[in-house]
């Protein structure tokens, strides 16, 4: 027997431990996610263009360009799962950015378009977000849980971009705060 470690409720059930997860309501998740995506759009414009192809961190073979783009691939994958039935979100968000995406403005524009799509979805389906199910590669999951996972996933990578900017001696424009991260089950470590 095995379980994909993508959904903590599945992991706790697999190991026989009852865990009471305190999940943020979907309207709060949506607001936090949009705040994260807006911050990431500001921050990407601060990345020195000549440094986009440098590694984001020594421990991983991922460029700053790829990391910044990936922030928006996460909600893109979420929306493709809802709208097109894509079950393997990783097939969307682990794909390299298009080769012609070479400028920070292009990454920001992708982020703006994904944020606008997320807003359209929310306006259309908000009432179902807390109760709908979503088929994923790790089984049928409550959409609420997938939304939570995707929200903190984008937030974690936005934290990493802020750290990259700080490493370059650049203060992030309107950085996210502890209040913005509150209630999201983020990894403790920055590069986990």
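In the working numbering, the protein residues as written are 9 to 200. Every residue, glycine too, gets a C-beta built ideally from N, C-alpha and C.
Residue 35 is classed as exposed because its beta carbon has fewer than 16 other beta carbons within 10 Å across all chains shown.
In the structure shown, residue 200 adopts coil according to DSSP, grouped into three states. Three or more pairs of CB atoms, one per stretch, sit closer than 8 Å, so the segment 70 to 86 contacts the segment 51 to 62.
Exclusion of the five residues before and after residue 140 leaves 151 as the residues of its chain whose Cβ lies within less than 6 Å of its Cβ. By the Cβ-count criterion, residue 118 is buried, with 16 or more other Cβ atoms from all chains shown falling within 10 Å of its own Cβ. Counting along the chain, residue 64 sits inside the beta strand (DSSP E) bounded by residues 63 to 65. In the DSSP assignment, residue 141 is bridged to 150. For the options 81, 109, 199, 88, the alpha carbon positioned closest to that of residue 61 is the one of 109. Annotation for residue 116: the continuous alpha helix (DSSP H) segment containing it runs 112 to 133. Taking a contact as a CB-CB distance under 8 Å, the pair residue 166 and residue 48 counts as one, their CB atoms being some 5 Å apart.
One thing to note: residue 100 has its Cβ within 7 Å of the Cβ of residue 84. Under the three-state reduction of DSSP output, residue 167 falls in the helix class.
Listed in chain order, the non-local C-beta contacts of residue 142 below 8 Å within the same chain comprise 89, 90, 148, 149, 150, 151, 154, local neighbours out to five positions each way being set aside. CA-CA distance, residue 126 to residue 169, rounds to 21 Å.
Check the Cα spacing between residue 116 and each of 81, 68, 30: the tightest is with 81. If you ignore the 5 residues before and after residue 145, its C-beta comes within less than 6 Å of the C-beta of 95, 96, all in its own chain and listed in chain order. Here the C-alpha atom of residue 92 lies approximately 35 Å from the C-alpha atom of residue 181. Going by C-alpha positions, residue 200 is about 11 Å away from residue 161.
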